Structure formats: structure tokens, C-alpha cells
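To start, the structure itself, in C-alpha cells.
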Amino acid sequence: MILLLVVIATALVFEFINGFHDSANAIATVVSTKVLSARAAVIYAGSLNIVGAFLGTHVAGTIGQGLVETEIVTQGVILCALLAAIIWNLITWYLGIPSSSSHALIGGLIGAAIAKAGFGVVLLDGLAKKVIAPMLTSPVLGFGIGFLAMVLILWFSCRARPYVINAWFRKLQLVSSGIMALSHGSNDAQKTMGIITLALFSYGALENFEVPVWVIFGCALTMGFGTMSGGLRIIRTMGDKMIKLKPVHGFAAETASATVILTASHFGMPVSTTHIISTAIMGVGSTKGHRALNLNIVKNIVIAWVLTIPVCMGIAALLSWILPF
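Counting in our numbering, the sequence shown runs from 250 upward without gaps.
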């Protein structure tokens, strides 16, 4: 029982850090365009993260049941997965690099499970369909839809005066950033719900894999408060260093990202909201020409994306050999 409580507490710590680390996903554009102050933006986004967490539990089911054999999952396996994800999130936050909390958790779970019982415990079909395929396609969709949305906006508003466009999109970006925050909560909060439910199920506290209401409330509130704490290092990277944004660009990027994320949440796919908003910003920025993008920043982001799952697998495996359970 004590180990179960430690796992639940660690999961909530991860959820808080997830919100803190990924707050940039929802508010980087609205802060960089100066539509909202950083403090107002994180409160706005955190509140909508909480609401988004109640939109379903399909993603939680994928994390808890669709990646590894549940029969071999122990409290120790789950704890190592969470610790690996927390370590990676803190490292990338310190460096100001937007990486995926989702992929960190997935990598940690797979690495700890393999260390426990070998490669055969990984559900390759679920991993391929619900993780690998979305991991490859969702950033492409984010980039493509962001680019298309920006092209359409420019085409429809080509005769309007710049100050009129700015005035309109400053208002519209309040809506798009809110929908982005809602979508972020709908996908990311569910991952910790799935982990806690898996811990309860493996302990025998649940007869069926069904997310308890208290777990939904706990994860929603914890993530929301984490987002309200804000992670300004990553906000600056995504909303300022990568490309200079105006409200019209922020609106296009947020609308594109929210469309992809909400669709993924509906189908139970644990996508990286970080990858999607980052590539949407790149897509929007590319309409200004490739020189508008800071390619050095883009390169660092892509390297972090590639490393996240294998590094977290390694950290989790190492922890499982070191820790006494």
C-alpha cells in the first residue's frame, strides 16, 4: 500500500511538471504576440487545461492498456517510468528545449517494462498504431495545416490594412489560444490518469481498467496548477527565438494545433502536443520564407524529439536495476 501511495504521489508530481513544462504549448504564441501577459496567459490556459481533462478517457486507456502487457506491470515498473519522465522533463526545461512529456512517459514505461520482463512484453501493434504512427504524422499535419491556414488568411485579407488585421487577430487569438489550452488538457492530462489507473489495477484496487472519477479530478487540477506556474524558458524558445510572431501567426498556429490534438484525443492517440504546436509554428513561419525560422533552434528541438523515447527508456531501465523493488 505504501508503494502504491508513493506511485500515485509521484504521478501527480509528474503531472504538475508536465503542466509546468508544457505550458508553452498553450500560451507561447499568445504571450510572444503580447495579446496577454505571461501571468494572465498561464491562468487562462491552466483553467482551460482543467476543463479539457474532462473531455474523455480514451488516451488514458491507450497508456494504461495499449503499450505493454499489464500482467507484468508492478508498482516498481510504474515508479521507474515516472521518475525517468520527470528527470528528462527537468533537463529539457532547464535547457529551454520543448520536448514531449508524453513520449518521455511512454519511453519510461516501455524501458521499465522491458527491464522487468524482456522485449516480449511490448504490445507492438498498439505501439505502432497509437504511438509511432501519430508521432510521425501529427507533426507533419501540424506543419501542413499551419502553413495552409496562414496562406488562406493571407489570401482572404490581402487587401486589408495591417493595423486592421492585427486588431482583429488580437481578439481572435484569445479564442484560438483557449481552444489550444483545452486540447492540451484533453490529451496530456489523460496520460497520467492512465498511469495511476494502471497502478491501481495492478495493485488489485480495481476489477476493471476504468479511470476513477477522483483520478480525473486529481490529474485535471494538478495539471492546471502546473500550467499556471508557467515555464518561461520554453515559452521564449517557442514564441520568440524560433520565429517572430504576430497575432495572425499565433491564431493560425493555435487553430492548426488544436485541430490535430482534439482529433487525436477523440481516437485515443497519446500525441505530443509539444511536437504539434512547434511544427505548426514552423509551418506558419515558413510562409514568410525559410530565413524567417531560426534553424539552429529548430535543429535543437528536433534532436530532443528524436532522443526523448530512447533516453527515457534507458533512464527507466537503469532505475529499475538500481532501485530495490
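Glycine included, C-beta positions come from ideal geometry on N, C-alpha and C.
All values derive from a computational prediction rather than experimental measurement.
Residue of 571, 564, 559 and 553 minimising C-alpha distance to residue 344: If you number the sequence shown from 1, residue 344 lands on position 95. It is 553 whose Cα lies nearest to the Cα of residue 344.
C-beta contact flag for residue 529 and residue 431 at 9 Å: Numbered from 1 along the sequence shown, position 280 holds the residue referred to as residue 529. Numbered from 1 along the sequence shown, position 182 holds the residue referred to as residue 431. Contact flag unset, no.
Residue 552 beta carbon near the ligand ATP (any heavy atom closer than 8 Å): The ligand ATP is absent from the structure shown, which contains no ligands of any kind.
Three-state class that DSSP yields for residue 488 in the structure shown: Position 239 of the sequence shown, counting from 1, holds the residue named residue 488. Per-residue confidence for residue 488 stands at a pLDDT of 48, beneath the threshold of 50, marking its modelled position as unreliable; the derived number appears in the next sentence. Residue 488 falls in the helix class under three-state DSSP.
Beta bridge counterpart(s) of residue 317 as assigned by DSSP: To locate residue 317, count along the sequence shown from 1; it is residue 68. Residue 317 is bridged to 371.
6 Å Cβ shell around residue 565 - same chain, five flanking residues per side excluded: One-based indexing of the sequence shown puts residue 565 at position 316. Counting only Cβ-Cβ distances below 6 Å, and skipping sequence neighbours, we find 329, 330, 333, 357, 360 and 361.
Inter-stretch contact at 8 Å, needing at least 3 Cβ pairs: the stretch 306 to 313 / the stretch 439 to 457: yes
Contacts around residue 438, its chain only, beta-carbon distance under 6 Å, and the 5 residues preceding and following it disregarded: By 1-based counting over the sequence shown, the position of residue 438 is 189. 302, 468, 469 and 472, listed in sequence order.
Local conformation of residue 345 per DSSP, three classes: Along the sequence shown, one-based indexing puts residue 345 at 96. Coil, per DSSP.
Nonlocal neighbours in the same chain, by C-beta distance under 8 Å from residue 400, ignoring five residues either side: On the sequence shown, residue 400 is found 151 positions in, with the first residue counted as 1. Excluding sequence neighbours, residue 400 sits near 536.
Rounded C-alpha distance that separates residue 296 from residue 290: For this step, residue 296 is matched to residue 47 along the sequence shown. For this step, residue 290 is matched to residue 41 along the sequence shown. Whole-angstrom Cα-Cα distance: 10 Å.
At least 3 beta-carbon pairs within less than 8 Å: the stretch 495 to 505 vs the stretch 391 to 411: yes
C-alpha gap between residue 342 and residue 348, whole angstroms: For this step, residue 342 is matched to residue 93 along the sequence shown. For this step, residue 348 is matched to residue 99 along the sequence shown. Roughly 8 Å separates the two Cα atoms.
Given residue 520 as reference, the closest of 406, 404 and 435 once Cα atoms are compared: For this step, residue 520 is matched to residue 271 along the sequence shown. When each option's Cα is compared against that of residue 520, the closest is 435.
Collapsed DSSP secondary structure at residue 323 in the structure displayed: Taking the first residue of the sequence shown as 1, we reach residue 323 at position 74. In this structure, residue 323 counts as coil in the three-state DSSP scheme.
Nearest to residue 433 (by Cα), restricted to the options 251, 322 and 526: The count along the sequence shown starts at 1 and reaches residue 433 at position 184. Nearest option by C-alpha distance: 526.
7 Å CB neighbourhood of residue 388 in its chain, flanking five on each side removed: Along the sequence shown, read from residue 1 onward, the residue named residue 388 stands at position 139. So the qualifying residues of the chain are 524, 525 and 528.
C-alpha distance - residue 293 paired with residue 269, whole-angstrom precision: As a first step, residue 293 must be located in the sequence shown, where it is residue number 44. As a first step, residue 269 must be located in the sequence shown, where it is residue number 20. Distance between the alpha carbons of residue 293 and residue 269: 14 Å.
Residue 306: first and last residue of the uninterrupted alpha helix (DSSP H) it sits in: Taking the first residue of the sequence shown as 1, we reach residue 306 at position 57. Taken as a continuous stretch (DSSP letters only), residue 306 belongs to no alpha helix (DSSP H), as it is neither H nor E.
Alpha carbon of residue 425 to alpha carbon of residue 411, nearest angstrom: Residue mapping note: residue 425 aligns to position 176 of the sequence shown, counting from 1. Residue mapping note: residue 411 aligns to position 162 of the sequence shown, counting from 1. Rounded to whole angstroms, residue 425 to residue 411 spans 20 Å at the Cα level.
Buried or exposed by the 16-neighbour rule on C-beta atoms within 10 Å, applied to residue 286: The residue labelled residue 286 in the question sits at position 37 within the sequence shown. Classification of residue 286: exposed, given that the 10 Å Cβ count is below 16.
Per-residue DSSP class, three states only, for residue 548: Your numbering for residue 548 matches position 299 in the sequence shown. Of the three classes helix, strand and coil, the one that applies to residue 548 here is helix, per DSSP.
Unbroken alpha helix (DSSP H) run spanning residue 388, endpoints: One-based indexing of the sequence shown puts residue 388 at position 139. Looking at the DSSP string, the run of the alpha helix (DSSP H) that includes residue 388 is 382 to 405.
Cα-Cα separation, residue 488 to residue 495: The count along the sequence shown starts at 1 and reaches residue 488 at position 239. The count along the sequence shown starts at 1 and reaches residue 495 at position 246. Because residue 488 sits at a pLDDT of 48, beneath the cut-off of 50, its placement in the model cannot be relied upon, and the following sentence gives the value as read from the coordinates. Looking at the two C-alpha atoms, the distance is approximately 10 Å.
Residue 262 and residue 355 closer than 9 Å at C-beta: Counting from one through the sequence shown, the residue named residue 262 turns up at place 13. Counting from one through the sequence shown, the residue named residue 355 turns up at place 106. Taking 9 Å as the Cβ cut-off, residue 262 and residue 355 do not qualify as a contacting pair.
Euclidean distance between Cα positions of residue 367 and residue 534: Looking up residue 367 in the sequence shown gives position 118. Looking up residue 534 in the sequence shown gives position 285. The alpha-carbon atoms of residue 367 and residue 534 are separated by roughly 44 Å.
Per-residue burial, residue 419 [other beta carbons within 10 Å of its own, 16 or more giving buried]: Numbered from 1 along the sequence shown, position 170 holds the residue referred to as residue 419. Buried, because 16 or more other Cβ atoms sit within 10 Å of the Cβ of residue 419.
Beta-carbon spacing of residue 454, residue 253 below 9 Å: As a first step, residue 454 must be located in the sequence shown, where it is residue number 205. As a first step, residue 253 must be located in the sequence shown, where it is residue number 4. In this structure, residue 253 lies closer than 9 Å to residue 454 by Cβ.
Closest residue to residue 461 among 442, 405, 276 and 474 (Cα-Cα distance): Counting from one through the sequence shown, the residue named residue 461 turns up at place 212. That would be 442, whose Cα lies nearest to the Cα of residue 461.
Collapsed DSSP secondary structure at residue 521 in the structure displayed: In the sequence shown, the residue the question calls residue 521 occupies position 272. DSSP places residue 521 in coil when its eight states are reduced to three.
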